[in-house]
Amino acid sequence: MRGFFLFPRFPGIILSAAVYGLAALPLPANAQTDTLEELEEDIHRQQKTSEEIERTAGESERLVTGDQDGIVTFADILADPDNVDLNFRFARQQVREGDLKGAATSLERILLLNPGFDDIRLFYAIVFFRLDNYEEAKQQFNLVLSHAPPPSLQAEAESYLSRIALRQKRTRFAASLSFGYHLDTNKNAAPSSKRVLVFGGPSNVRGPQKDTGILAIANASFTHDLGLQGGHEVFGGVTFLQDRQTVLNNIDIQSYTVSGGGIYHVSWFDVTPALSYTQLRIDKESYLRDYRLRLRLSKEFTPTFMGYIEPQFSHQKFQPIAESKVSHGRDGNLWGINFGGAYVISPKQKIALDLQYENKNAVFKFHAYERTRATLTHTWLLGSGQFLISSGTAGIDLYNRKDSGVSPMKRRDETYRLRMIYGAPLNFFSELAADYTLPDQIGDIIFTLTGERSWAVSNLNNYQYRNSKLQAMLTKKWNF
Amino acid sequence: MKKLFCGVLFSLLSPALVHAAGEQAGVAAAVRGEVQIVTIADQVGHKVTSGEPIFLGDQIESAEESGLQILLMDQTAFTIGPNSALKIDEFVYDPDTQVGKVTAEIVKGTFRFVSGKVAAREPERMLVKLPSAVIGIRGTMAGGSLDGDKAHVVLLGPGTDNNANERVGQITVGNDAGQVLITRTGWGTFVGGAGIGPTVPEVVPLDQLNAITGSLQADTARKKKEEKDKGASPAADGNGKKASQLSGQDTAEAIEASEETGTLATFADEAGDEQEDTVQDTISSNADGETTAGEFRLITTGQYHFNYTNSIVFSDATNGTYTIKFNIDFGAQTVGGGTSGISLTGHPDLTLIASQSISSFADSDHILKTELNQGDGTIDNVRFNGSDVILFNENGVTAGELEGKIVYDNAGLTANASFETSNRQSGLAP
Chain A
884 MRGFFLFPRF PGIILSAAVY GLAALPLPAN AQTDTLEELE EDIHRQQKTS EEIERTAGES
944 ERLVTGDQDG IVTFADILAD PDNVDLNFRF ARQQVREGDL KGAATSLERI LLLNPGFDDI
1004 RLFYAIVFFR LDNYEEAKQQ FNLVLSHAPP PSLQAEAESY LSRIALRQKR TRFAASLSFG
1064 YHLDTNKNAA PSSKRVLVFG GPSNVRGPQK DTGILAIANA SFTHDLGLQG GHEVFGGVTF
1124 LQDRQTVLNN IDIQSYTVSG GGIYHVSWFD VTPALSYTQL RIDKESYLRD YRLRLRLSKE
1184 FTPTFMGYIE PQFSHQKFQP IAESKVSHGR DGNLWGINFG GAYVISPKQK IALDLQYENK
1244 NAVFKFHAYE RTRATLTHTW LLGSGQFLIS SGTAGIDLYN RKDSGVSPMK RRDETYRLRM
1304 IYGAPLNFFS ELAADYTLPD QIGDIIFTLT GERSWAVSNL NNYQYRNSKL QAMLTKKWNF
Chain B
11 MKKLFCGVLF SLLSPALVHA AGEQAGVAAA VRGEVQIVTI ADQVGHKVTS GEPIFLGDQI
71 ESAEESGLQI LLMDQTAFTI GPNSALKIDE FVYDPDTQVG KVTAEIVKGT FRFVSGKVAA
131 REPERMLVKL PSAVIGIRGT MAGGSLDGDK AHVVLLGPGT DNNANERVGQ ITVGNDAGQV
191 LITRTGWGTF VGGAGIGPTV PEVVPLDQLN AITGSLQADT ARKKKEEKDK GASPAADGNG
251 KKASQLSGQD TAEAIEASEE TGTLATFADE AGDEQEDTVQ DTISSNADGE TTAGEFRLIT
311 TGQYHFNYTN SIVFSDATNG TYTIKFNIDF GAQTVGGGTS GISLTGHPDL TLIASQSISS
371 FADSDHILKT ELNQGDGTID NVRFNGSDVI LFNENGVTAG ELEGKIVYDN AGLTANASFE
431 TSNRQSGLAP
C-alpha cells in the first residue's frame, strides 16, 4: 500500500526541483526596459513570478510531505486560526480520527475567508453528507455548482446531489444481485475417515467429495419513513438464493425469504420486530418452511459501542424429499436468543461479538438439540472502498436423544468456522491496474473473495468433517 | 484548571493581548467585515481580528455583511452571521479530563454551533441561551435565528444515517412555559417570545432553513466579493485525491458494502446449514422408503443377510412355511446370490435368487423393485414367477428392511404371502 502513496509524490519532487531551478535563473537581458511604465510592468511581472514560484514551491512541498506533515494540534489552530494550510491539514486529520463535526468547523473557517475554494467546499459538503445533514450538504453542493467548477468537481457534486435526493425520499427501494463461483473440498460433509456408524457398528462410505458451484442471490427491499420525528420506519424485502452444484446436483439449494417489520426508536432502545417466511428447496423439492418472529432491541451506548439482544421464535416444517425421506422428523419449534455488541476501534476498524443460543424441538427427539455459538468478527476498512472481514465461529450442538439407527450415544458436535472476506469495488481495481475510472454503473460493483475453513468434531464419526471453501462473487446494488 | 488555560494562553498569545478581566474562553477566527468586541473591562467596542482572544463576558457583535467563527478552548465552535451578537457567559474546561461547562448567550442575529469536548463528555454541561429560551445540548450541531425575542431553532445533525460513528444529535429548547426535545436533523421549533413555550417540533421549511444557514455563508455575507481568495486552495494539491477521498467517504462507503456482504454470507450460511444436515442424513441414515441404488452406493463395505420364516397356506388348504433368505454385499455392490432364495415346506420347493450387481441401476432406481422372473434370470424356478423382493431403508439404515411377496403356482397348486422383515443380520446367509 505504501507504494501507492510514494508513486504520486515523484512528480511533486520533480516539479519542486524544476521550480526551484527556474527561480535561480537570472531574468533575460531583454527584460530590461527603458521606460518607467515598462519598468513597472517588469517589476509587477517579477513579483508575480516570485509569488507563483513561492506558491508552486509550497504546493510541491505539500505534495512531497502529503499526509505525513506533523500532527496539527488545536493549540496550533488557536494560535493561527485563519491559516488555510493549517486548517486544511487539521480538517484532514480530524477526518482520519473520525471527528467529522470538528472537520466541518475547520473547513468552514477556510470557506468563510475563501468562498471561491470550490474543492474545499466540495470536501465540506461531503462532510455534511457523512454527518447526515443533507440540507446543508445540498446547499454547499449547489454553491459549488453555481460557481461553474471544473468537470470533475461538477460530476462529483452532481453525484452526491442525486444520492441525497434518493436518501430524502420517504419510501426508498433497493435491489441487489450477486453471482459467485465457489469450490468446496468436502461438499457432501463426509467424514474424512470414510467410515460411519450404523446401529453402532462401523460401515464404510464414500469419502469427501470436491465440488464447485454457482451461487446467485437476488434481493429487493424497501424502507418507508413514517415521517415522525422519531424516525420510525417500516421495511420489507424478498431474497432469493440459488446454489447449484456442478456434480452433486442432488443437494442444489434454492431459498426464498420474505420478511417485513418496523424500526421504532424509543429513548432507550431501537425496537425492531420482524416477521419472515423462508422456503428452502433442495434439488427443486420443497424441504423446509420456516416461519420466524424476531424482536431486536439495540442501543448505541456510546458513538463507538453498540449492543443488542434479539429473541426469536420459529416454527419449522420439513417435507420428505428424495435426499431425506424422514425429514419430517425434524418438524418442530425453535426458540433462541442472540445478543452481542460491536465496538468501533477506530474509524477504519470495528470488532463485533455475537452470541447465540438456540433450542430446537423435533418430532424425532434425536433431531432436537441445544445450540450455543459465538462469533467474533473484525471489519477493517482498507480505504478506496476496500474492506476485509475476518471472523471466527465456535459452537456446541448437544442433541437431546440418541439415534439408535446410528449409535447408542447421544450426538455432541463442536463446530468451528474461520472465514476471511476481502471486498472492493471494481473501480478500485481498474484505477489500480490502468488508472482508469469505470462508469458508475460498473465501477460500484463489489467484488468479494472469500476463504473459509470449517470443521466439526463430533462424538459420532458420521458428523465429523472438514471443509475448505474458496468463493469469488460480484454484487451490484441499486437504490431507487 | 486556570493553570491549564494559562499554559495554553501564554504559549499562544502575546502578553499584550492578555488584558481582560475575565478568563479566556477562546479566540476569534475567520473574521470578515466589521466585527466589534465589547469587553467587560472597558465597555468600549473595538474591531476584532482573527486570533484575538475572547474572554468571559465579552460580547462579539457583527455588522452587515460580516461574521466570524468563535473557537472555544474545548473545540466548541460558534458561527455568527451578519448583524448578530454573542456572549460567552461561562466557560470552564479541563483539557485533561475534558470536564467543564459552557454557557453562551445569543443576543441577536443568526447562529450555528458545533459542540465540543465538554458537551461530548457531559452534554448537559453546555447551554445556549436565547432571549426567550434556552437550548440544551446532547452532543450536536444546531443553528437558529433571532428576531427580537422570537427564535427559530433547528437541529443540524449528526443524523441517524451518519457514517462517522458520531453520536446522533439532540437538543432541548425550553423556557418557563415548556420544553421540547428535537431528535431529528432538519427538525426545529419556534419560540414566540418570553413566556411562550416552544412549538411542537416539526420539519423546518427549506426556505427557512436555507435562510439561517445561508446567512452564515461568506458568499451571502460578502455579496460583492471585493476581496479575492487568499492564494490557492490547499485541496488543489491533495495528492490528486478527490473530495470523496479527502472526506473519508470512499472509506466509509465500504461500511455499507461490508455489512451487506456479511448479511449475504449469513443468509447463505443458514441455507448451507440445512443443506449440510440433509447431506449428512443421506450418508449416515437414509430415510425410510425404498432403497435407491444411489443410497446403496454410498456404503462401500459390509455384508448382511435377511433370513425370515413364516406360515403359508396352499390352495389345497394344507399348511406350510416359507423361508426367504436374501444377501446384501455392500463391498461387492451386489444383492442376492449365494443361498439367497425362497423355500417352502408343506409342498416343498425352492428357488434361488440370482446375484445382481448394483452397477446396472441408475442412482434413482429402486433395487429389485421389479418382479422376480425365471425368464429374465432373476430366479431359477418358474413356479415362483411374479414374486418380488424390495429393499427398504428403516430407521435411517440403508437397506435395513426387506419387503415383498411370494407368488407360487405349481400346476394349479398355488400359494401367496406378503412379508416384511427388518431382521437384518451380519454376514452372508448360511
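As given, the protein sequences belong to chains A and B, one line each in that order. Throughout, this note's numbering is defined as the position within the first sequence, counted from one, plus 883. Throughout, this note's numbering is defined as the position within the second sequence, counted from one, plus 10. For glycine and all other residues, C-beta sits at the position ideal for the given N, C-alpha and C.
Spatial neighbours of residue i within its chain, please: C-beta separation below 8 Å, excluding the five flanking residues on both sides.
i, result
"Tyr1348/A", "Asn1069, Ala1072, Ala1073, Pro1074, Ser1075, Pro1091, Trp1338 and Ala1339"
"Lys1167/A", "Asp1135 and Gln1137"
"Lys1248/A", "Asn1283 and Arg1284"
"Trp1218/A", "Pro1194, Gln1195, Phe1196, Ser1197, Glu1241 and Asn1242"
"Leu423/B", "Phe324, Ser325, Asp326 and His357"
"Leu1131/A", "Lys1070, Asn1071, Gln1092 and Asp1094"
Under 7 Å Cβ to Cβ from residue i, same chain only, skipping five residues before and after it: list those, please.
i, result
"Leu1005/A", "Val1027, Leu1036, Glu1039 and Ala1040"
"Thr199/B", "Val163, Val183, Val190, Ile192, Pro208, Thr209 and Pro211"
"Leu22/B", "For Leu22/B, the predicted structure reports a pLDDT of 41, less than 50, and the residue's modelled location is therefore unreliable. A value from the coordinates is still provided. Correct list: empty, nothing qualifies."
"Gln384/B", "Asp390, Asn391, Val392 and Asn395"
Mapping DSSP to helix, strand and coil, what is residue i?
i, result
"Arg1300/A", "strand"
"Gly1224/A", "strand"
"Ile368/B", "helix"
"Val1010/A", "helix"
"Arg1053/A", "coil"
"Leu423/B", "strand"
"Glu75/B", "coil"
"Thr939/A", "Low confidence applies to Thr939/A: its pLDDT is 40, below 50, so where it sits in the model is not reliable, and the reading given next is rough at best. Looking at Thr939/A - three-state DSSP - the assignment turns out to be helix."
"Leu995/A", "helix"
"Tyr1319/A", "coil"
"Glu404/B", "strand"
"Ser155/B", "strand"
"Asp917/A", "Per-residue confidence for Asp917/A stands at a pLDDT of 45, beneath the threshold of 50, marking its modelled position as unreliable; no derived number is given."
"Leu1245/A", "According to the sequence displayed, residue 1245/A carries Ala and not Leu. In this structure, Ala1245/A counts as coil in the three-state DSSP scheme."
"Leu191/B", "strand"
"Asn320/B", "strand"
"Gln108/B", "coil"
Is the distance from the Cβ of residue i to the Cβ of residue j below 8 Å?
i, j, result
"Phe402/B", "Ile334/B", "no"
"Asp398/B", "Leu382/B", "yes"
"Ala303/B", "Ile363/B", "no"
"Ser72/B", "Ala40/B", "no"
"Glu62/B", "Asn93/B", "no"
"Lys111/B", "Arg135/B", "yes"
"Phe1201/A", "Arg1213/A", "yes"
"Pro1186/A", "Asn175/B", "yes"
"Asn320/B", "Ala439/B", "no"
"Ile80/B", "Ile64/B", "yes"
"Asn1362/A", "Leu1109/A", "no"
"Pro1308/A", "Gly1334/A", "no"
"Lys984/A", "Pro141/B", "no"
"Thr344/B", "Phe394/B", "no"
"Asn1016/A", "Arg992/A", "no"
"Ser8/B", "Asp965/A", "With chain B represented from 11 up to 440, any question about residue 8/B goes unanswered, as that position is not in the structure."
Below 6 Å CB to CB, which residues in the same chain sit around residue i once its five sequence neighbours on both sides are set aside?
i, result
"Thr918/A", "Because the pLDDT at Thr918/A is just 48, under 50, the model does not fix this residue reliably, and the value given afterwards should be weighed accordingly. Nothing meets the Cβ criterion."
"Phe1062/A", "Ala1099 and Leu1357"
"Thr431/B", "Phe316, Tyr318 and Leu412"
"Val48/B", "Gly55 and Gln69"
Pull the bridge partners of residue i from the DSSP assignment, please.
i, result
"Phe1123/A", "Ala1101/A and Tyr1139/A"
"Pro1156/A", "Leu1178/A"
"Ile116/B", "Leu96/B"
"Val123/B", "Position check: residue 123/B holds Phe in this sequence, whereas Val was assumed. For Phe123/B, which the question treats as bridged, DSSP gives the partners Phe88/B and Ala152/B."
"Pro1194/A", "Ile1220/A"
"Gln69/B", "Val48/B and Lys97/B"
Listed in chain order, which residues of the region 101–124 of chain B have Cβ atoms closer than 8 Å to some Cβ of chain D? Absent from the structure is chain D; the protein chains it does hold are A and B.
Near-chain A residues of the region 353–368 of chain B - C-beta to any C-beta below 8 Å: none
Got a sec: which bits of the region 157–178 of chain B sit with their beta carbon under 8 Å from any beta carbon on chain A, in order along the chain? Sequence-ordered contacts of the region 157–178 of chain B with chain A read Leu166, Gly167, Pro168, Gly169, Thr170, Asp171, Asn172, Asn173, Ala174, Asn175, Glu176, Arg177 and Val178 [C-beta pairs closer than 8 Å].
Which residues of the region 1010–1040 of chain A have a Cβ closer than 8 Å to any Cβ of chain B? Give them in chain order. Val1010, Phe1011, Phe1012, Arg1013, Leu1014, Asp1015, Asn1016, Tyr1017, Glu1018, Glu1019, Gln1022, Leu1026, Ser1035, Leu1036 and Glu1039
Please identify, using Cβ separations under 7 Å, the residues of the region 192–214 of chain B that lie next to chain A, in order along the chain. Answer set for the region 192–214 of chain B: Thr193, Arg194, Thr195, Gly196, Trp197 and Pro211.
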